[in-house]
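S.K.:
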Amino acid sequence: MTTTADPTTLEIGKARTRKEDARLITGRTKYTDSITPHGTLHISVVRSPLAHATITGVDKSAAEQAPGVIGVYTAADLGVEAVGLPCAWPITPDQKAPQRPLLAVKTVHFAGEGVAVVVARTVAEARDAADLVEIDYDPLEPVLDMEAAIAPGATLVHPELETNESATWVFDAGAAGTGGSVDEAIAAAEADADSVVVKRRFIQQRLIPAFMEPRSAVCDPSGEQITLWAATQVPHILRTMTTVTLGVPESKLRVIAPDVGGGFGGKIGVLPEEMLTVVLAQKLGKPIKWTETRSESLLAAHHGRDQIQDITITAKKDGTVTGLDVHLLADMGAYLGLVGPGVPILGAFMFNAIYKFPAYKFTCTNVFTTKTLTDAYRGAGRPEATFAVERIMDELAVELGRDPMELRQQNWIKHEEFPFTTVVGLTYDTGNYEQATDQAMETFDYAGLRREQEERRKNNDPVQLGIGISTFTEMCGLAPSRVLGSLAYGAGGWEAASIRMLATGKVEVITGASAHGQGHETAFSQIVADQLGVPFEDVEILHGDTQISPKGLDTYGSRSLVVGGIAIVKAAEKVIAKAKKLAAHLLEASEDDIEFSGGQFTVRGTDKGKAIQELAFAAFMAHDYPEDMEPSLDSDAVFDPENFSYPHGTHLAAIEIDTETGHVDLRKYVCVDDIGTVINPLIVEGQVHGGLAQGIAQALFEEANYDDQGTLVNGTFVDYTLPSAADLPNFDTATVSTPATSNPLGVKGVGEAGTIASTPAIVNGVIDALRHLGVTNVEMPCTSQRVWRAIQDAKGNATQETPIATHSPGAGLGSIDPNNPQGETE
Amino acid sequence: MAQVRVTVDGVNYADDVEPRTLLVHYLREQLGKTGTLVGCDTSNCGACTVHLNGQSVKSCSVLAVQADGAEVTTIEGIARDGKLHPVQEAFNEFHALQCGYCTPGMIMQAIDLLGDNPDPDEHEVREGIEGNLCRCTGYQNIVRAVQGAAQKMKPGATADAPATASVAGGGS
Amino acid sequence: MIPSKFDYVKPASVADAITALVQGGDDAKILAGGQSLIPVLRLRLAAPSVIIDLGGIAELRGIREDGDHIVIGAMTPYHDIIRDDLVKEHVALLAQATATVADNQVRHRGTLGGSLAHADPAGDLGAVALALEAELVIASATGNRTVTAKDFFVDYFTTAIGEGEILTEIRFPKFTGWGSHYEKFNRTAQAWSMCAVAVAVKVSGGTISEARVGLTNMGTTPIRATGVEAALVGQPASADAIRAAAEHATEGTAAPSDADAAADYREHLAKVLTGRAVLAAAG
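Structure (structure tokens):
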């Protein structure tokens, strides 16, 4: 009990409900598609139904005559054949990067690629006319399989590149001097009777980010600055890249990301359609709007994951790991996205995870195929890495006959060993894997569930129990700019903030981070309230409009709080320094004698003081201020982190499998995450829940499937099966905290944790339930059919292949195949 | 063109529409009711859920002409006299939304569900909102919010319910 | 997405609807609940020139008792069927299966007649109509005819409804006092049935005296599992006997193969789910 009244209660740590909710729960807000300046024209993109083909003719005549049509354009008609969309991450100096056009010029390289664009008075008229554009194609061989694509004699996606290999990127700890040679480790283990070598191939299936708001852009050319509203995570990057792509001076562009309906990495791109709205708005002098349909979105918006992972782990028979070798093939799709090539590279530093591998090597080959391009999806590289290492640790435990948790404990970095520099040269500042694990295992009742599992196995229960473990870490807070420079990334990793102290005592905070559901307005208000000692309600967070927030690097990679939040702290420190100077002047005291606490500047040892609001007013009036300062408390800051942050956690899943049908039921999920200081526990819990749902969906529900012609066969929400509320359980989530030492708030980031950690926990649990039946692997998503087949295979029963390339009667529009609609409807 | 006479959020409208106009497009584009959103083209996501004559429907799978003579309630019509609906309050209180895109449909379906079943258990809520997809929340807080709203809406509970003003957010 | 253009008529009587249908010819499409049709129109997988909305015909909506039958108007929405006391008492299997169709919003709009006329083999209610030997009343300009469910389902999306004809009502014999269960298996809660089994059984003194079994998504039409029915009759309602009978579930099926389930897995599911459904119905 405190006996003296604290003038303020700290905001950080409070479960504030969100400021941004009021406009969202009432339907008052406007997402991009709800913005329609008067006179807006609408576009519809005519897309290729074929994955790979030469365009032999485009007949626009019927479409041009259709009611309400202003024009129908190919790339040539618009004079944009030479324009290419940007890739900001050349991972190697010799990376092969094809031109990614706004509209296909001579050849289409994936099904869904735009070939022509119709501009019309209404969306319906644009769509009607799009159906009338006749395009003739000469089909070419699709390129679908990554291994075949890089084999000699393969059909080339881009013949001018003379290969389907975009780049091969290697990190060898031995060569880098950060660890030992993995080749030597493997050779030594193979020669040593007291060591084991375990090799596995894991498949990271192709996923679709599937944000709820379809992408949309509106470009209004009527002002001196062209205004582009876009459903984007990256308004600042979009502005710069529009300049790079189209040559519009950056100063002539204003980009606004209004409320954005989710992104998860899927809205990090610079889109051909966004560029088309700019080109057409300039050409026609009218506002141009594009909003995709859901089926267009699933087809043409970038996908995620899609890797083949060949993993080799070596260990002593006592369980000590001695080496890890990683070979990846990563499917880029038909083109390189904005940061697509770098996504697998972000994983390079995370395969070693929380373990003390003495030797490590990572080799990744990025491959072109005639599929939709891939780019960032929640976690971007790190979920893939975490999956592989957590799966192989389970495999190693089986090989050695060890409890999988015990084996992890033996090999992870102990809490007293922090800060710890890993085999890739990253220094983990803080963490306590023991603490998170102990708490998770207790909540989960690990021992009790292991006993139940034993019982069920003994009784040959038709419902078997599996326990899945994932003890993960991630690197967050992208990113130290120098590190990005060393990786040849085309931008820095800093973030900007400004604070404006208004005359009436209210505070405007401008951030370069651009939220799309994360709750920045609330969490950042809490930080500023504590920093400046002002009421939470008096803080307004402004973002997402380059006229208001001219400088920023936007939101991805769990960076908003860890980088953007710290920029705000730095700006607040400058405000306080200015206010202190003004206070000293007004109070006729030495600046050294001014103390600041809870929004009050007081003269030490006296009761004389000024509130920060009074000082803001005094600065506004400017009747009396020191000679050597400007009459303003307003401040800007740019924060460039020195290190990444390293959240970690222990995730445990209890999986029940109906061995008769193969049905997988997630019975219980417990996680304890260490994300450093928690600003708002309500928001943190929400981020973890949502992340878990996406990671679990990768394990159990989602996969973008292509047929042998390169057509996406599950391109609607009826067959690209996102889980509903009825498909998921309640999660038992908790946090512990070892504050980060790399930033003044001690925060680590939470946006991606749930997604990164949960996928291997689920799959490890599925396999653990079946291991005693002889099952050693089930590929993702672990559908009932795959599980059933794995059981049959283990029993030696021959079954059919699992056909993934066929549209699903009964899972689509009933039995109607959108790609081949033979069904009738009555 | 076909004529449609419809009452939306208490206001009477009479308009000519193309028969192919979906109710959701009529609401958004002709009436300016942009609170109701479109998230898919196969009636799976539920973002467009409104009440048609008191029942929840996906307004992307109803033609505007089919609503002729009907009463429609959207997310914009459930707050009364500046006071939020208890389900809206609960979505804020339980952090049942992040990006907010599924939220209007989710709230409209939750209200329908609570009309049918005023005190649903967790399973019943999950089944009751299975036609509404959310990509942000993992649903857990949505389920809590619906159950929380059920408590607020119980007869006699109004006295205890916080008499929140029309502005949500910022409460601790 | 937005459908292609079409004309719209909303007749007030079955006679007017038939007139419109005859006038519209091949390009006319009946709109019942619209929960399959409107998405199909939006994706432009169909582009009829005329939509005939049956929503204005009051006589097509409602549930009534008619001697040994419960009669359901073709335009009666799922929501009403699930909650109807007559259905719950006499055709409980229909109420159970209908409650699993899609989601709440769709059940407010979707209709029994629309579902049966659509004849999607993955639809849940065809198997129920078939197992319970429902009769379907079809109206045309020349009068009404009644078709048994067995004759109604012809092929993939094809029924006995001919040109210029409209399904008006569905007559279910009463199964008062029978045990029933609809066992549905799908990939996610929202997904259509990968395989499902509709069962009604009459159990007297621990012995199954009568049995009706229908299968969803095991062929181009719903399928009646007569082999299972025959094997059940006269058997004790025990797990072993039921499982043995369920082994006949694949007789006469032609299971499709797709990403969710290849034929062999569907066949396996049919047997397992049949056993479970009968056990639940008999229990």
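Residue numbers (the numbering used here), protein chains in the order written: chain S, 1 to 826; chain P, 827 to 998; chain E, 999 to 1281. Ideal Cβ positions, reconstructed from N, Cα and C, are used throughout, including at glycine. If you're wondering where the values come from, they're calculated on a predicted model, not measured in any experiment.
#1: If you measure from the beta carbon of Q1103(E) to each beta carbon in chain S, is any gap under 9 Å?
#2: Output yes or no for whether 9 Å exceeds the beta carbon distance between C364(S) and V339(S).
#3: A116(S) by DSSP, collapsed to three states: which one?
#4: Between the stretch 508–519 of chain S and the stretch 540–553 of chain S, do at least 3 Cβ pairs fall closer than 8 Å?
#5: Once DSSP output is grouped into helix, strand and coil, what is the label at D530(S)?
#6: If I measure Cβ to Cβ from D172(S) and keep anything under 6 Å in the same chain, skipping five residues before and after, which residues do I get?
#7: Less than 9 Å between the beta carbons of L1114(E) and A1196(E), yes or no?
#8: Could you check what DSSP says for Q935(P) in three-state terms: helix, strand or coil?
#9: Return the chain-ordered list of same chain residues with a C-beta closer than 6 Å to the C-beta of T2(S), the five sequence neighbours on each side being excluded.
#10: So, at 7 Å on beta carbons, what are the nonlocal neighbours of T421(S) in its own chain, with the 5 sequence-adjacent residues on each side left out?
#11: Tell me which residues of the stretch 872–894 of chain P have at least one Cβ-Cβ distance to chain S shorter than 7 Å, keeping chain order.
#12: Starting from the beta carbon of S1002(E), find every residue of chain S whose beta carbon is closer than 8 Å, and list them in chain order.
#13: With three or more C-beta pairs closer than 8 Å as the rule, is the stretch 254–261 of chain S touching the stretch 572–587 of chain S?
#14: Interface residues of chain E around D938(P) at Cβ under 9 Å?
#15: Tell me which same chain residues have a C-beta within less than 6 Å of the C-beta of D658(S), skipping the five on either side of it?
#16: Would you please state the rounded distance, in angstroms, between the beta carbons of L41(S) and L284(S)? I believe it to be under 8 Å.
#17: Decide yes or no for the touch test of the stretch 123–137 of chain S against the stretch 41–51 of chain S: beta carbon pairs closer than 8 Å, at least 3 of them.
#18: When you compare only the Cα positions, how much space is there between S222(S) and T245(S)?
#19: For the stretch 940–964 of chain P, enumerate the residues whose C-beta is nearer than 7 Å to any C-beta of chain E, in chain order.
#20: Would you call the CB atoms of F357(S) and G490(S) closer than 9 Å?
#21: Should the stretch 1127–1140 of chain E be called in touch with the stretch 1192–1211 of chain E, which here means at least 3 C-beta pairs below 8 Å?
#22: Which residues does DSSP list as the beta-bridge partners of Q204(S)?
#23: My output table needs one value for H158(S): the three-state DSSP class, helix, strand or coil.
#24: Identify whether G1108(E) lies in helix, strand or coil by the three-state DSSP scheme.
#25: Around the C-beta of G954(P), are 16 or more other C-beta atoms found within 10 angstroms, so that it is buried, or is it exposed?
#26: Does H651(S) come out as helix, strand or coil in the three-state DSSP assignment?
#27: Starting from the N-terminal side, write out each stretch of the beta strand (DSSP E) that is 3 residues or longer and does not extend beyond the stretch 626–706 of chain S.
#28: Is the stretch 737–754 of chain S close to the stretch 1211–1230 of chain E, with three or more CB pairs under 8 Å?
#29: With DSSP as the reference, label A1279(E) as helix, strand or coil.
#30: Using three-state DSSP, classify N833(S) as helix, strand or coil.
#31: Return the bridge partner residues of H42(S) from the DSSP annotation.
#32: Go ahead and pull the three-state DSSP assignment for P1234(E).
#33: Quick one: is T547(S) buried, meaning 16 or more other Cβ sit within 10 Å of its Cβ, or exposed?
#34: Would you say E292(S) and E273(S) are within 9 Å of each other, going by their C-beta atoms?
#35: If we ignore side chains and look at the alpha-carbon of each, how far apart do V157(S) and V80(S) end up?
#36: Is there at least one Cβ from chain P nearer than 9 Å to H109(S)'s Cβ?
M.R.: The structure says:
#1: Residue mapping note: residue 1103(E) aligns to position 105 of the third sequence, counting from 1. Taking Cβ atoms only, chain S never reaches closer than 9 Å to Q1103(E), which makes this a no.
#2: Taking the first sequence and counting its residues from 1, the one referred to as residue 364(S) is at position 364. Taking the first sequence and counting its residues from 1, the one referred to as residue 339(S) is at position 339. Pairing C364(S) with V339(S) gives a Cβ-Cβ distance that is not under 9 Å.
#3: Counting from 1 along the first sequence, the entry for residue 116(S) is found at position 116. For A116(S), the secondary structure class from DSSP, reduced to helix, strand or coil, is strand.
#4: The stretch 508–519 of chain S vs the stretch 540–553 of chain S: in contact.
#5: Stepping through the first sequence from its first residue, residue 530(S) is reached at position 530. It is helical.
#6: Residue mapping note: residue 172(S) aligns to position 172 of the first sequence, counting from 1. Cβ within range, chain order: K361.
#7: Residue 1114(E) sits at position 116 when you count from the first residue of the third sequence. Residue 1196(E) sits at position 198 when you count from the first residue of the third sequence. Going by C-beta atoms, L1114(E) is not nearer than 9 Å to A1196(E).
#8: Position 109 of the second sequence holds residue 935(P). Note: Q935(P) maps to helix in three-state DSSP.
#9: Within the first sequence, the letter at position 2 stands for residue 2(S). Legend: pLDDT at T2(S) = 34, less than 50; position of this residue unreliable, value from coordinates given subsequently. There are no such residues.
#10: Locating residue 421(S) in the first sequence gives position 421, where the first residue counts as 1. Taken in chain order, the residues that qualify are T427.
#11: Answer in chain order: A873.
#12: Counted from its first residue, the third sequence places residue 1002(E) at position 4. One finds D128, D131 in chain S with Cβ atoms closer than 8 Å to the Cβ of S1002(E), taken in chain order.
#13: No: the two stretches stay apart, fewer than three of their Cβ pairs being nearer than 8 Å.
#14: Your numbering for residue 938(P) matches position 112 in the second sequence. Chain E residues near D938(P): N1102, Q1103, H1106.
#15: To locate residue 658(S), count along the first sequence from 1; it is residue 658. By the criterion of a C-beta distance shorter than 6 Å, D658(S) is surrounded in its chain by V463, once the five residues flanking it on both sides are discounted.
#16: Residue numbering aside, residue 41(S) sits at position 41 when the first sequence is read from its first letter. Residue numbering aside, residue 284(S) sits at position 284 when the first sequence is read from its first letter. Indeed they touch by this definition, with Cβ atoms about 7 Å apart.
#17: The stretch 123–137 of chain S makes contact with the stretch 41–51 of chain S, as at least three CB pairs between them are under 8 Å.
#18: Position 222 of the first sequence, counting from 1, holds the residue named residue 222(S). Position 245 of the first sequence, counting from 1, holds the residue named residue 245(S). Approximately 21 Å, taken between the alpha carbons.
#19: Residues passing the 7 Å Cβ filter: G954, E956, G957.
#20: Taking the first residue of the first sequence as position 1, residue 357(S) is located at position 357. Taking the first residue of the first sequence as position 1, residue 490(S) is located at position 490. Cβ atoms of F357(S) and G490(S): not closer than 9 Å.
#21: Between the stretch 1127–1140 of chain E and the stretch 1192–1211 of chain E, the count of C-beta pairs closer than 8 Å reaches three or more; the two stretches touch.
#22: Along the first sequence, one-based indexing puts residue 204(S) at 204. Answer is Q307(S).
#23: As a working note, residue 158(S) is residue 158 in the first sequence. Assigned with DSSP and collapsed to three states, H158(S) falls in coil, not helix or strand.
#24: Residue numbering aside, residue 1108(E) sits at position 110 when the third sequence is read from its first letter. Of the three classes helix, strand and coil, the one that applies to G1108(E) here is coil, per DSSP.
#25: Residue numbering aside, residue 954(P) sits at position 128 when the second sequence is read from its first letter. Buried, since its Cβ has 16 or more Cβ neighbours within 10 Å.
#26: Taking the first residue of the first sequence as position 1, residue 651(S) is located at position 651. Here H651(S) sits in strand by DSSP.
#27: List check, beta strand (DSSP E) in window: 635–639, 648–658, 664–674.
#28: Touching, no.
#29: The sequence position of residue 1279(E) within the third sequence is 281, counting from 1. Shown here, A1279(E) sits in a helix according to DSSP, grouped into three states.
#30: Since the first residue shown for chain S is 1 and the last is 826, residue 833(S) is missing from the structure and cannot be characterised.
#31: As a first step, residue 42(S) is located in the first sequence; it is residue number 42 there, counting from the start. Answer by DSSP bridge pairing, in chain order: A120(S), K289(S).
#32: Along the third sequence, one-based indexing puts residue 1234(E) at 236. Secondary structure of P1234(E) (DSSP, three-state): strand.
#33: Taking the first sequence and counting its residues from 1, the one referred to as residue 547(S) is at position 547. Note on residue identity: the sequence assigns Gln, not Thr, to residue 547(S). Its Cβ having fewer than 16 others within 10 Å, Q547(S) is exposed.
#34: Here the question's residue 292(S) lines up with position 292 in the first sequence. Here the question's residue 273(S) lines up with position 273 in the first sequence. Result yes, Cβ atoms of E292(S) and E273(S) sit closer than 9 Å.
#35: Counting from one through the first sequence, the residue named residue 157(S) turns up at place 157. Counting from one through the first sequence, the residue named residue 80(S) turns up at place 80. It is roughly 21 Å from the alpha-carbon of V157(S) to the alpha-carbon of V80(S).
#36: Translated into the one-based positions of the first sequence, residue 109(S) becomes position 109. H109(S) does not count as touching chain P.
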